[in-house]
Each structure stands twice: as C-alpha cells, then as structure tokens.
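Numbering (the numbering used here), first residue to last: 68 to 516.
Heads up, the beta-carbon is just placed ideally off N, CA and C, and yes, glycines get one too.
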Ligand SMILES: Nc1ncnc2c1ncn2[C@@H]1O[C@H](COP(=O)(O)OP(=O)(O)OP(=O)(O)O)[C@@H](O)[C@H]1O
Ligand SMILES: [Mg+2]
C-alpha cells in the first residue's frame, strides 16, 4: 500500500466512524446520510430491474406460447433435428401421424421413424452441411407405412452461423396423387367419349348422305331395269325377224348381213343385256340395303332368341361362302333380346361373312361365334384366326364403301350397315386384333332393345 494513500475503513460502520458511545460527529452523520441515499438509489434501481425483467419474461412467455400455438395448429408435419439427425422437437401433427408419444419421439433418430426403403434418401439431407431440399418419404407407424409425403429439409443455424441440424416439414401427397390419377383417367375417358361422339356424328352424316344418294339413285335404276327388260323383248323379236328373213333374202341382202356383222351382233346382245340386268340388279340391291337404314324400325322390335339367330346366321354365311373353315358356335342358353330380328340377323351374317373372308385359303381356318349376357347387354363376339384387320383399315372400316377386297368381291357396306343397325338399336360394334392373330368383332346390344 502506498504511504500517501489513506487507509480504507474495514466496513461501512468504520467508514461512518461511529464512536464507542454511538455518538456521531457532524462529518460522520453526513457520511451516513450519503450511504442511506446510495442504498435507496440501488434499491430503486433493483426494483426497476425487477419489473423490467418481469415484463420481458411475460413478453417472452407470450411469444413462446404464440409460436407453440402456431406450430400446434399447422396441419403440416414439422420436426426439428440436431446435427446427428435426432429429433429435438415434433409438432402435434407429426406426433399424431406416427402414433407414438411425444416423449418417445424426442431423442429418437429421425431415420428410425422412416420406412426402410426411404431411409437412405432422408439421410442425404440429415448429415452435417447437407443442402436444403425436397423429397418424398413414407413414415413407419404401427399400422404400416403412411401415405407418401412431400418433405422439405432446411438447415438450422445457431447465432454464430454454424449449422446445428435440420428442420423437416411435409404434407401427404398420396391423396393428391390419387386425385390427379382420377383426373387423368377422367380426362382419357372424356377424350375417348369425344372421339366416339365425333365418330358417331361422322357416321350419322355419312348415313344421311348415303340415304339421300340411294333415294336419288332409285329412279334411274328403275328406268334401266325397265328399259333392259323391254330391250330383251326387242332382241327376241329382232332375232326371230332375222332368222326368218334369212330364208327369203337374196345374195345382195346376204352380203349386207355379213357387211354389218348382224350375226355376231345378235349373238352378243344376249350376254350384253344379261350383264346389264345383273349390274342393275346389284345396284338395286345396294340401294335397297341403304334405303332400309333410313327407316326407323325400332317399333318393329320383337323378342329374339339369340341362340337360334346365331345358329341360322352361321348356316347362311357358311352356305353362301362355300368356305371350308370351321364355324364354332357357343351361346349362353336362354339368351334373348328385343330388336328387329331381320336386322340383327343381318349383322351377325355380315360379321361371320367377313370372318370367313379373312380365313379364306387357310386349311386351319376357324371362326368362332360366342354370345353371353353382360350387365344389361347381350354381347355377340365373332372371332377368326385370319390375318387381322390392317392398321390402315381400323379408322375407316365402318365407313360406307370402304373395302380392302377386290372389285365385285366386296362393296364395303357390310360393316357400315351393321354399325348403323346396332346404333339404331342403342348398341355398338367394336373391333380389335387378337394377340394370337386374327380379328374379334363385338356386337353389343341392350337386352331391352
Ligand atoms: N374379320 C376381319 N378380318 C380382317 N379385316 C376385316 C374383317 N372384317 C372386316 N374387315 C375389313 O373391313 C373392311 C370392310 O368390311 P365390310 O364388311 O364393311 O365390307 P366388305 O366385307 O369389304 O364388303 P361387303 O361386306 O360389303 O361385301 C373389309 O374390306 C376388311 O378390310
Ligand atoms: Mg363384309
């Protein structure tokens, strides 16, 4: 201690210098007053600090309860992990999702609550210095894996900027996926229906066009028909005339007959007229078929025995095609439907006809006709083991006059007529190529007609 520095009193009483008798000098009293004043100031400072502290504490508690209430009310899952991936905090949504108590969850490594296949993926985001990122995970619960969740991992930093762990947030997307899938399916269905509607509209307009043309053709065909019959009568008369005149004619007349080739002309007339008649007959058959469609025959509906109609149609088709293919028939017994028997019969004949054409030339040609009930419909399926429908024919084969057969062999009306009749009955026809080869045509008709 330096000699010029006054020595410090041992305590406050010593500082105040109270004598043994307790009497205070004037100087000592002022020191006391100073002490009491300082104590007062310190005390009031203490009181102020205390009330400041209490206010801050109240604010802190309020902020904490605000944050807790926000975290508790979010429906997304949230978990806070430390740098080793151990769970430090989990919100109620996460606790509920996992179905474990919060106490058991805290301290558990996060990968432990993730299904095994997804753990490696989660670990990529949990190691120190891992980047923030999104992934899809499923969590394991007592009742099995959860729906797929869209998860986001973000890094967590302390006040010095050091990464101290990660925060995971997420929500289920399984439901969203299913909704998207349903939407996608609905969209495809809609596209299919739209295509079908356009197709139907196209067929309907073609139908109107063809029916109109058929109507217009009807008159000229009857002229041709009538005139050819008259021509045939005239031909007979002319032949008789020339046969009798030959006996009376002289050399000059005989030369004229040779010059104008009367004999070969008369001989040609018969096949020419017969050919014309045959052509006119074919045209009138086509027109008759087309015109039949322009009538609505729904009112002529009757109860049809499917087994019988299929058997008769198979017989007819086999007889007309003189094809060596085997025709197998398999019809659910007692199957009936309401419709125009003649027209439905025509469809089945057309389909079997086509199938027989498709297997022509094959020694192992088989055509099978099956019929069964399906919901409120009857399905008649005609299959063959021919070459199948060419890709280029798929879009057009139900259109009138579309054929891949040679001229005179097919008119391209069979499927169009069949399709139109089926639609008129509230049904449909569709075709596929069978994986094992050949085509399958399905006629679907409502039982009620
Ligand atoms: N079973 C089948 N296998 C392969 N192609 C088929 C089959 N059925 C129909 N087709 C195709 O569809 C086309 C149209 O058939 P559609 O019955 O309308 O006419 P067509 O048989 O050619 O002539 P029509 O029936 O008027 O005598 C056929 O030319 C053929 O190309
Ligand atoms: Mg045909």
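The Cβ atoms of residue 445 and residue 514 lie closer than 8 Å to each other. Taking C-beta separations shorter than 8 Å and ignoring five residues to either side along the sequence, the partners of residue 175 in its chain run 153 and 154, following chain order.
The segment 200 to 278 is shown to contain whole beta strand (DSSP E) runs of 3 or more residues at 200 to 204, 216 to 224 and 230 to 239, in chain order.
Rounded to whole angstroms, the gap between the alpha carbons of residue 414 and residue 307 is 48 Å. Of the heavy atoms belonging to ligand 1, at least one sits nearer than 7 Å to the Cβ of residue 464. Taking every protein chain shown into account, the CB of residue 297 has fewer than 16 other CB atoms within 10 angstroms, so this residue is exposed. Linking residue 326 to residue 285 through their CA atoms gives a straight-line distance of about 41 Å. An exposed status is given to residue 124, since fewer than 16 other beta-carbon atoms sit within 10 Å of its beta-carbon. The beta strand (DSSP E) runs of length 3 or more contained entirely in the segment 79 to 152 are, from start to end of the chain, 144 to 149. Secondary structure of residue 317 (DSSP, three-state): coil. Residue ranges of uninterrupted beta strand (DSSP E) with 3 or more members, entirely inside the segment 422 to 446 and ordered along the chain, are 433 to 441.
Apart from sequence neighbours up to five positions away, the residues of its chain that approach residue 208 with a beta-carbon distance below 6 Å are 165 and 166, ordered along the chain. Annotation: the continuous alpha helix (DSSP H) that includes residue 384 extends over 373 to 388.
Two segments are said to touch when three or more pairs of C-beta atoms, one from each, lie closer than 8 Å; by this definition the segment 168 to 187 does not touch the segment 115 to 135. Residue 183 sits in a helix when the DSSP states are folded into three classes. Sequence-distant partners of residue 352 (beyond 5 residues in either direction) whose C-beta falls short of 8 Å from its own C-beta are missing from its chain. Note that the segment 202 to 217 touches the segment 180 to 187; at least 3 beta-carbon pairs, one per stretch, sit closer than 8 Å.
Ranking 281, 324, 328 and 333 by CA distance to the CA of residue 301 puts 333 first.
Burial is judged here by how many other beta carbons sit within 10 angstroms of a residue's own beta carbon; residue 410 has at least 16 and is buried. In this structure, residue 423 places its C-beta atom within 8 Å of the C-beta atom of residue 384. The Cβ neighbour count for residue 373, taken over all protein chains shown within 10 Å, is at least 16; the residue is labelled buried. In chain order, 164, 165, 180, 181, 182, 212, 213 and 216 place their CB closer than 8 Å to the CB of residue 206, counting only its own chain and leaving out the 5 sequence neighbours on each side. Annotated three-state conformation of residue 496 is strand, per DSSP. Secondary structure note for residue 473: it is in no beta strand (DSSP E), with a DSSP letter that is neither H nor E. Residue side-chain check: residue 314 keeps its Cβ at 7 Å or more from all non-hydrogen atoms of ligand 1.
If the five residues before and after residue 162 are omitted, its C-beta is found closer than 8 Å to the C-beta atoms of 168, 169 and 172, all from its own chain and listed in chain order.
Pairing residue 487 with residue 412, the inter-Cα distance amounts to about 14 Å. Per the DSSP secondary-structure output, residue 508 pairs in a beta bridge with 449 and 498. The DSSP-derived three-state label of residue 174 is coil. Ligand 2 has no heavy atom closer than 7 Å to the beta-carbon of residue 495.
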